[in-house]
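In UniProt numbering, the protein residues as written are 1 to 478.
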Amino acid sequence: MELFNILKEKIKEKEVITPKEMAIIDDNAEFLGIPKILLMENAGKAVYEEIKNIEAEEYIIFCGTGNNGGDGFVVARHLGKGEVILIGKEGEIKTYEARENFKILKNLAEFGNIKIREIRRAEEVEDIFERLKDKKAVIVDAMIGTGVKGELREPFKTIVDKINELKKINKDILVVSVDVETGHLKSDLTITFHKRKTINRENVIVKDIGIPKEAEYIVGWGDLKALRKRDSNSHKGQNGKVLIIGGSRDFFGAPILAGLSALKIADLVGILSVDKVIDKLNHPEFIMYKVEGDYLSSQHVDYALNIAKKYDVVVLGNGLGANNRTKAFVNEFLSKYDKKVVIDADAIKVIDYNSFEFSENYIFTPHKKEFEYMNVDLENIEEIKSTIVLKGKYDIIFNADNLKINKTGNAGMTVGGTGDVLAGLIGALFAVNEAFISACCGAFINGYAGDLLLKEKGYCYTSLDLIEKIPNVLKIFE
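This is the structure we're talking about:
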């Protein structure tokens, strides 16, 4: 944890985050044990506290069917008055938290101070806009939160247009958006949560709703949800093509483990290695590329570059061997190859770091001793564009702009080959995702697979057992 704390001081904390990053933080707060319904309660209460003293003849709360709408339900409950417009039907409310808060609101509405209306068309609320033309009113926008994508659909678009038109003719209308503004809505105030979002506009207040800082740093199921989803209409190769380059006279199992791991996620996996490895392979799932010799060397670089062009990502180093021949191969290959590479094991040891540039296309997966080879200058961390997964009891994942810690895994994973499994797993994710999220999720999945095995077998499991648990982990968090 000492290095993690040093990195926390060196890597600048983000003051503004993307909606995707906020979604990860929300889910990882739940992973840490903070219920989402508590965060929804805190969010709605925070909005209420900001508007409760505003003089108004009417309060209108427009709510969508997602969690943003759920925040709106909480606002209405704390106000104890006003009219809630649910854009959709009760049965369409998407999350447990929002559904529970709507049920509470319905119970309170029976006492008459809160009105609820479910609509599908903008015409169904035309009467509201008519009567607000000459009234002092607060309109709460809880229609669509950070999940908004593309152009607004109906009836949201027309409702937003109507609110904007109303503001032009009545200066006593105050529009308050919850978390983010819905589409092109001209809000007077936006109350966002935890941190400002990149899509927020002007007049933003940031409120603390009880999300701990640890939720920004822990790797949890929120990270997995941020991975690219497999398209049901995709074709062979569109979900990742991974080339494993490794193996030698001395080590032929490592690239196979990396390849088998990658196959659990990627569409296609190739293995490029020396004949002594390829000749031992008996896996029809792999595309195999054989070169002559005991080790990969500079004479194999051009061939490897030509093959690598066909793939989305290269996993380099598993079982490669660390000697002058492999050193020449690795340094020349990396100097000429500009696509994604996961650099593992012996490849980490033989790189000439004096002339090496830490490209954003690289993910390194060292253990503590291999990390020492890399000679990373923590005083100039902004120069480290590559993502580094420092393996240990807790995995530390970082680059110039990001820092996380993964706590899945256990002592049973000291068995040989688990690092190769991790490299292949990260490679498969990296084929179709960004570097940092791939590294985080690879470490989480690998460790969680180990934790499942610990419950079943104690510490008596192998790297092959670990590979077979990868689908189970993905199924749990899909």
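Ideal Cβ positions, reconstructed from N, Cα and C, are used throughout, including at glycine.
Residue i, DSSP secondary structure in three states
i           : result
E165        : helix
A431        : coil
A137        : strand
N406        : strand
D172        : coil
residue 479 : What the structure shows of the chain is the stretch from 1 to 478, and residue 479 is not part of that stretch, so it cannot be assessed.
G210        : coil
L272        : strand
S177        : strand
I85         : strand
I191        : strand
K310        : coil
V415        : coil
R77         : helix
R99         : helix
L320        : coil
A142        : strand
K241        : strand
I218        : strand
R249        : coil
R201        : coil
R196        : strand
Start and end residues, beta strand (DSSP E) containing residue i
i    : result
K290 : I287 to V291
R117 : I114 to I119
F62  : E58 to C63
V341 : K340 to I343
For residue j and residue i, the rounded distance between their alpha carbons
i           : j    : result
I287        : G246 : 14 Å
N101        : T146 : 19 Å
F193        : N318 : 44 Å
residue 503 : T326 : Absent from the structure is residue 503, since the part of the chain shown begins at 1 and ends at 478.
I34         : E181 : 26 Å
I11         : N402 : 7 Å
A262        : E216 : 28 Å
K457        : G412 : 10 Å
V242        : V269 : 5 Å
S248        : L7   : 36 Å
K195        : V16  : 6 Å
Y353        : G409 : 30 Å
V140        : V389 : 44 Å
A423        : E214 : 26 Å
E478        : I470 : 12 Å
R25         : H184 : Before going on, a small fix: residue 25 reads as Ile here, not Arg. Between I25 and H184, the C-alpha separation is close to 26 Å.
F444        : K407 : 8 Å
S232        : A266 : 15 Å
L272        : V291 : 8 Å
N176        : L189 : The amino acid occupying residue 176 in the given sequence is Val; Asn does not appear at that position. Looking at the two C-alpha atoms, the distance is approximately 5 Å.
E58         : K115 : 12 Å
A23         : D250 : 46 Å
E382        : D312 : 26 Å
R230        : G237 : 11 Å
K89         : L454 : 45 Å
L132        : E21  : 37 Å
For residue i, the first and last residue of its enclosing alpha helix (DSSP H)
i    : result
L260 : G253 to L263
D27  : P19 to F31
L152 : Careful: L152 lies outside any alpha helix (DSSP H) and carries neither H nor E.
S463 : S463 to I476
I11  : Segment: none, I11 is in no alpha helix (DSSP H) and carries neither H nor E.
G44  : K36 to I51
I128 : E126 to R131
Any non-hydrogen atom of the ligand GDP within 7 Å of residue i CB
i   : result
K12 : Absent from the structure shown: the ligand GDP. Ligands present: none.
Does the contact criterion of 3 or more C-beta pairs under 8 Å hold for the stretch 396-405 versus the stretch 434-445? yes
Three or more beta-carbon pairs under 8 Å between the stretch 142-158 and the stretch 118-129, yes or no? yes
Within the stretch 346-411, ranges of the beta strand (DSSP E) (whole runs, at least 3 residues): 362-364, 387-390, 395-398 and 403-406
Check whether the stretch 208-223 touches the stretch 21-33, taking contact to mean three or more Cβ pairs, one atom from each stretch, closer than 8 Å. yes
Is it a yes or a no for the stretch 63-83 touching the stretch 38-47, going by three-plus beta-carbon pairs under 8 Å? yes
Given 8 Å, three or more beta-carbon pairs between the stretch 95-111 and the stretch 162-171: no
The stretch 337-355 in contact with the stretch 424-435 per 3-pair CB rule at 8 Å: yes
With three or more C-beta pairs closer than 8 Å as the rule, is the stretch 377-393 touching the stretch 450-466? no
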